[in-house]
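Read the structure below first, then the notes.
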Amino acid sequence: MKILIVDDEAIVRRSLRRAAEHRGHEAIEAEGGQQGLQLWCQESPDLVFLDVLMPDLSGPEVLSRLGEKKGPAKVILISAYAGDYDSGAAQQMGADLFLPKPFADIFKVIDLAEKMVNRV
Amino acid sequence: MDLKLNSKPQMLWLSSVQPDQSFQMDGLRGLVEICWSTNWRQAQAETEQKFFPVILIELTDHVDEDCWQYLASLRIDLPLTVVMVLVRQPDFNLISLAIHRIKPWRILEGKMSLTDLQGHLSEAFSEHQQILSQKSVLERVKQQNRRLEEMTLNLEGLIRDRTEDLNRSKVETEQNVRKMSRLVHFVNEVNGLMSPEELLLTLLHEAKVFHKLSEVILAVAGGPSEARADLRLIYGRGQRVYVKQGNNMWDPSSRIRVDTKEDSLYLANEFGRPFSKVLAFPIQLDRPGVSAILFFEHSFDGNEVEAFIGFMAQRVQTLSLALDRSLLEQELRRESLIWEQTFDGIEDPVAIIDKNWQLLRANRHFTAELVPGRSCFEHFAGRQAVCLNCPLDQERLSLQAAHSLVKRGDLAYEVYSDPIQLRENRAVAFVNHYVDVSLQQKLQGQMIQNEKMVAIGHLAGHIAHELNNPLTGIQSLSQLMRAELPKDSELAEDLFEVEKAALRSQKIINNLLSFARRQEGGSQECFDLNGLIESTLPFLKTAMTSYRCDIDLAPTALKIRGDSQLLQQVVFNLINNACQAMDGEGRLDIATRVIDSKKPQDSRSWVELKIKDSGPGIPPHLLQTIFEPFFTTKGEGQGTGLGLSLSRDIIGKMGGEIRVESRLGEGAQFSISLPLEERV
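Pasting the structure below:
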């Protein structure tokens, strides 16, 4: 499974990449919205971890820019701003799930991602 | 007496014997002028013509009765003359006869030398002189007595006259005094009176001695505001006075008028009945636009009219002064009534206060009843001492307008105080205007609280965001490392601790977020009081560090209903206050428990939270006001808390109550009781 991680926080990207690789998945990191948008189109990932608040382009903006080019990728919105969104709001914006940071258990997050991709 | 000094004295020598035969007369002639008589008839003739100070009678034996009678008469006829008898022969009978009949001054007896005779004569002349001087003294005394008598007589007459005069004038004076005292009485009476009606009544009473007076009418026209519209006829007789509206103006001339047709006609028109004889006394008034006149209906004859005019002349000036004053007072009353109504009409309390906080005047919104001698704070706030922040405190010294916030029970007033001078040269007073700013203050307090919480919310959100990202790393990477390490390794255990710490940090952040996040409209969730306290304590850790904390929470969850965020703010503030009160060291007790209602009709159970500190305690006088709005003992900018009044409101909305118990030096204990939603 190819996973794209879009977050301006290096430690968050690293955490998610290390957990994904631990489970044998391929992980690509994007440091911001713009790069995320570019990599999304280039790499066609199976799943994207998309941070909400980023300096250049926010997660929801990335989603709206992608539009139809989003492809089959599953999207998990992640945010350190608790209470900003819930999964309902996330779905309206074209994402599949919303997860607040920090994650209680990083492996459960990967489990969740695997389930979402495998369900299709 | 020394005969030689005077012109020669004269003497009569009566002797039947020739002197030449008896004495050497030459020796005597140098001293006295002697008139010789040889018989008594000759001597009588001599004494009738001429006065002799001394008569010497030389007796011989042949003295006839006629001669004796003549000689006896000498003492009476010539009282000033010294009579001596010379008897040459020692004839006892003759001597005793002479003594008996003549009663001489001295009897010279026997043969006598010239010198002896000279001595006797000299003594006789001195005797004469003595008699003379005695007589003149007597005369003078008599004269003086006479004059005294005359004077006495005169004086008596004078006294009699004076007494009569006095008696006469006493009657007059008494009459005058009576008149004057009546006048004085009248003046005094009149001065104390307020209304024209009372004035007329007094005048009626005074004039009741004039029996032929029937009706007395006091007409007053005009006024300051209503101009001529107000024409009053005040009339009466005996003890009663009536007032009626007049229609027309009377003859405005200022003369006293006796029985004029015009006046009779005027009154007849006004009263609708005939008036025969009328005396008219115009009253001079100082008040512009106002005139007055007195009409007397009477049946006096000539003298009585004069007497009555005299009577009135003495009183008309007093009446005019009194009427002037009475009208002025009526006008002032009207004016002051307008001001009073204006004053009372102002919805805000307004008061005039002197510099010693004595209430001089106040409108009805300030106090229902002004008790003289009571201070403004007694009236307004029911206090025994000056209100906190009284603007007068600074103003009475500077005499500059001041304003400040003053409390009256649960209400807060912005007091605007301006110094005024009520009268010239009088001490300054202060007009205080009280604006109720309670609602404004309350809203402002709530707004500040809301803004504060919004600010904390923003800050908390920002901190959460900033912390949550690194926490994600710490937690996730710890988990990853732990997964890659053997399960029983020391490092794995260390990482587990790191993970737990991260979790705790996350929880604190979440609590902070929920503390700061104010839900609009107030939620009515069911929550655990113990949990709320546990999630609040971490924020107070720094505040609580230096105190011994004893936290004794009920073993089960205490489910209550209400706005948990607000209650959390209350709890936060109470604990924070307790810590601030202790200042340095002390002991903090926080306890919760379930208490069953003591009231039989109330089956509900209650949850009680006690927060007790060991600080200095709350002074008794502040215990009453501690829950009142705008109460703070903290300096400006320090009172960042919720305020106990807002806390009381929040608890009240949850159906509970908050109490405080405190003794000076023994700390303070706040207890919150709330209805228990469900037992777990």
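Protein sequence lines, in the order shown, are assigned to chains A and B.
Sequential numbering of the first sequence, starting at 1, is according to my numbering.
Sequential numbering of the second sequence, starting at 1001, is according to my numbering.
Glycine included, C-beta positions come from ideal geometry on N, C-alpha and C.
What you are looking at is a predicted structure, and each value in this text was computed from that prediction instead of being measured.
With 16 other Cβ atoms within 10 Å as the buried cut-off, status of residue i
i, result
"residue 9 of chain A", "buried"
"residue 1654 of chain B", "buried"
"residue 1283 of chain B", "buried"
"residue 1526 of chain B", "exposed"
"residue 1617 of chain B", "buried"
"residue 1651 of chain B", "buried"
"residue 1002 of chain B", "At residue 1002 of chain B, the pLDDT of 43 sits below 50, so the modelled position is not reliable; the number obtained from the coordinates is stated separately. With fewer than 16 Cβ atoms within 10 Å of its Cβ, residue 1002 of chain B is classed as exposed."
"residue 1475 of chain B", "buried"
"residue 1241 of chain B", "buried"
"residue 1011 of chain B", "buried"
"residue 1421 of chain B", "exposed"
"residue 1640 of chain B", "The predicted position of residue 1640 of chain B is uncertain, since its pLDDT is 49 and thus under 50; no value can be drawn from it."
"residue 1115 of chain B", "exposed"
"residue 1052 of chain B", "buried"
"residue 1563 of chain B", "buried"
"residue 35 of chain A", "buried"
"residue 1351 of chain B", "buried"
Residue i, enclosing beta strand (DSSP E) - first and last residue
i, result
"residue 1211 of chain B", "It is not in any beta strand (DSSP E) - residue 1211 of chain B carries neither H nor E in the DSSP assignment."
"residue 98 of chain A", "97-100"
"residue 30 of chain A", "26-30"
Which of helix, strand or coil DSSP assigns to residue i
i, result
"residue 50 of chain A", "strand"
"residue 1659 of chain B", "strand"
"residue 1417 of chain B", "strand"
"residue 1341 of chain B", "helix"
"residue 41 of chain A", "helix"
"residue 1462 of chain B", "helix"
"residue 1429 of chain B", "strand"
"residue 1358 of chain B", "strand"
"residue 88 of chain A", "helix"
"residue 1390 of chain B", "coil"
"residue 1244 of chain B", "strand"
"residue 114 of chain A", "helix"
"residue 1281 of chain B", "strand"
"residue 1674 of chain B", "strand"
"residue 77 of chain A", "strand"
"residue 1379 of chain B", "helix"
"residue 1089 of chain B", "coil"
"residue 1571 of chain B", "helix"
"residue 1286 of chain B", "coil"
"residue 1685 of chain B", "Because chain B is modelled from 1001 through 1680, residue 1685 of chain B falls outside the range shown and cannot be assessed."
"residue 978 of chain B", "Residue 978 of chain B cannot be examined here, being either before or after the span of chain B that is shown, 1001 to 1680."
"residue 1234 of chain B", "strand"
C-beta atoms of residue i and residue j nearer than 9 angstroms
i, j, result
"residue 1609 of chain B", "residue 1581 of chain B", "no"
"residue 63 of chain A", "residue 75 of chain A", "yes"
"residue 1082 of chain B", "residue 1033 of chain B", "no"
"residue 1177 of chain B", "residue 1196 of chain B", "no"
"residue 103 of chain A", "residue 1472 of chain B", "yes"
"residue 1536 of chain B", "residue 1572 of chain B", "yes"
"residue 1199 of chain B", "residue 1323 of chain B", "yes"
"residue 1236 of chain B", "residue 1215 of chain B", "yes"
"residue 16 of chain A", "residue 106 of chain A", "yes"
"residue 1611 of chain B", "residue 1569 of chain B", "no"
"residue 1213 of chain B", "residue 1275 of chain B", "no"
"residue 1036 of chain B", "residue 1070 of chain B", "no"
"residue 1451 of chain B", "residue 1417 of chain B", "no"
"residue 1233 of chain B", "residue 1218 of chain B", "yes"
"residue 1362 of chain B", "residue 1349 of chain B", "yes"
"residue 1285 of chain B", "residue 1256 of chain B", "no"
"residue 1681 of chain B", "residue 1277 of chain B", "In the structure as shown, chain B starts at 1001 and stops at 1680, and residue 1681 of chain B therefore has no counterpart that could be examined."
"residue 1676 of chain B", "residue 1594 of chain B", "yes"
Segment limits, alpha helix (DSSP H) that includes residue i
i, result
"residue 1595 of chain B", "No alpha helix (DSSP H) contains residue 1595 of chain B, which is instead part of the beta strand (DSSP E) from 1587-1596."
"residue 1547 of chain B", "Unbroken run through residue 1547 of chain B: none, as it is neither H nor E."
"residue 1144 of chain B", "1114-1191"
"residue 1266 of chain B", "1261-1271"
"residue 60 of chain A", "59-66"
"residue 18 of chain A", "10-22"
Residue i Cβ short of 8 angstroms to the ligand MG heavy atom set
i, result
"residue 1675 of chain B", "With respect to the ligand MG, the structure offers nothing, as it holds no ligand at all."
ask   = What runs of the beta strand (DSSP E), each 3 residues or longer, lie entirely inside the region 1006-1078 of chain B?
value = 1010-1015, 1033-1037, 1054-1059
key: Those runs of the beta strand (DSSP E) which lie wholly inside the region 1313-1341 of chain B and span at least 3 residues   = none
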